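Enquirer: Residues 8 to 234 (the numbering used here) are what the sequence shown spells out, left to right. Yeah, the Cβ is synthetic: ideal placement off N, Cα and C, and Gly gets one too. This one's a predicted model, so the numbers in the text were calculated from it and none came from an experiment.
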Amino acid sequence: MSLFSIIQAAGWPIWPLLLCSVVALTLIIERFSSLRTVRIAPVTLLDEVMSVTRANLPAADVVNKLAQNSVLGLLMATGLRAVIADARISEDGLRQVFESAGRAAVHQMERYLNALGTIASAAPLLGLLGTVVGMIEIFGSQSPTGGNPALLAHGISIALYNTAFGLIIAIPSLMFYRYFRGLVDGFTLDMEQATERLVPHLMRFSVRTPPAVAAAPLPAVPAATTA
């Protein structure tokens, strides 16, 4: 049987599975394109930024170009902008800026992964639903006095196509979901290590307020003596 004839024979339950297969393939291609190292965390970017900021903070146009470079570039540009905007920023304040930007970066990297994971979980269930519906139709069409066993066996095999198709969609989707999740975890660790190196480097440009010096007590004035 050809693929088209199988789809025709499997009935309407296979159409949601076909939609899931198209969506899953689209998401896999998109994530392969987006989760490349050059677009997330270029290997030499941190060293380049630390070299450029060795003596002075960069100009605004340089920071803007850094933000457009990659996800890690946007993260580091956020920290640079915070130091440029507030020369008296504390180390805790700078770390909070990086943490907030880091959460946004992780959210960006995890985009569409939940959808891919949902397809991996739902496709076998949709396939099983199609098989159950097909079995109900097959047994419902049999006459009470008996039926053709060969025809019944053929109908059951057609109904099982839904389950097989659901597994064909679910297995690659689950594998790629785990693969992309591992990439995101690795990139997240790289960004955390980059910020740990960058925070003390940028704090060199922070103007620290000197501690207040307590005023020296005035000398006691001797009491006047009476004659």
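1. Return helix, strand or coil for D93, following the three-state DSSP convention.
2. Does M182 pass the burial test, meaning 16 or more other C-beta atoms within 10 Å, or should it be called exposed?
3. Can you confirm whether the stretch 20-37 touches the stretch 122-136 when touching is taken to mean that 3 or more C-beta pairs between the two stretches lie within less than 8 Å?
4. With 16 as the cutoff for other CB atoms within 10 Å, does A221 come out buried or exposed?
5. Taking the CB atoms as reference points, tell me whether V90 and L64 lie closer together than 8 Å.
6. Under 8 Å between the Cβ atoms of A66 and A74?
7. Give the straight-line distance between the Cα atoms of L132 and R110, rounded to the nearest whole angstrom.
8. Could you tell me the distance, in whole angstroms, from the CA atom of G86 to the CA atom of R204?
9. Which term fits N121, buried or exposed, when burial requires 16 or more other beta carbons within 10 angstroms of its beta carbon?
10. Could you pull out every unbroken alpha helix (DSSP H) segment of at least 4 residues lying fully inside the stretch 36-86, listed in chain order?
11. Would you mind giving the Cβ-Cβ distance between F146 and A48, rounded to the nearest angstrom? I have them listed as a contact below 8 Å.
12. For a test of the three-state rule: what should DSSP assign to S213, helix, strand or coil?
13. Candidates V69, F39, I178 and M198: which alpha carbon is nearest V113's?
Expert: Based on what the coordinates show:
1. Taking the sequence shown and counting its residues from 1, the one referred to as residue 93 is at position 86. Looking at D93 - three-state DSSP - the assignment turns out to be coil, as it is neither helix nor strand.
2. Here the question's residue 182 lines up with position 175 in the sequence shown. The residue is exposed, with fewer than 16 neighbouring Cβ atoms inside 10 Å.
3. yes
4. Residue numbering aside, residue 221 sits at position 214 when the sequence shown is read from its first letter. Interpretation of A221 is limited by its pLDDT of 49, a score under 50 that renders its predicted location unreliable; the figure taken from the coordinates is listed afterwards. Answer is exposed; the Cβ neighbour count stays below 16.
5. Your numbering for residue 90 matches position 83 in the sequence shown. Your numbering for residue 64 matches position 57 in the sequence shown. Cβ atoms of V90 and L64: closer than 8 Å.
6. In the sequence shown, residue 66 corresponds to position 59, counting from 1. In the sequence shown, residue 74 corresponds to position 67, counting from 1. No; because the gap between Cβ atoms is not below 8 Å, this pair is not in contact.
7. By one-based count along the sequence shown, residue 132 stands at place 125. By one-based count along the sequence shown, residue 110 stands at place 103. Rounded to whole angstroms, L132 to R110 spans 33 Å at the Cα level.
8. Looking up residue 86 in the sequence shown gives position 79. Looking up residue 204 in the sequence shown gives position 197. Roughly 12 Å between the two C-alpha positions.
9. Walking along the sequence shown from the start, residue 121 turns up at place 114. By the neighbour-count rule (16 or more Cβ atoms within 10 Å), N121 is not buried but exposed.
10. 44-47, 52-59 and 67-76
11. Reading the sequence shown from its first residue, position 139 is the one you call residue 146. Reading the sequence shown from its first residue, position 41 is the one you call residue 48. No, F146 and A48 are not in contact; Cβ-Cβ is about 57 Å, not under 8 Å.
12. For the purposes of this step, residue 213 is taken as residue 206 along the sequence shown, with counting starting at 1. Note: S213 maps to coil in three-state DSSP.
13. Looking up residue 113 in the sequence shown gives position 106. Checked all of V69, F39, I178 and M198; the closest Cα to V113 is M198.
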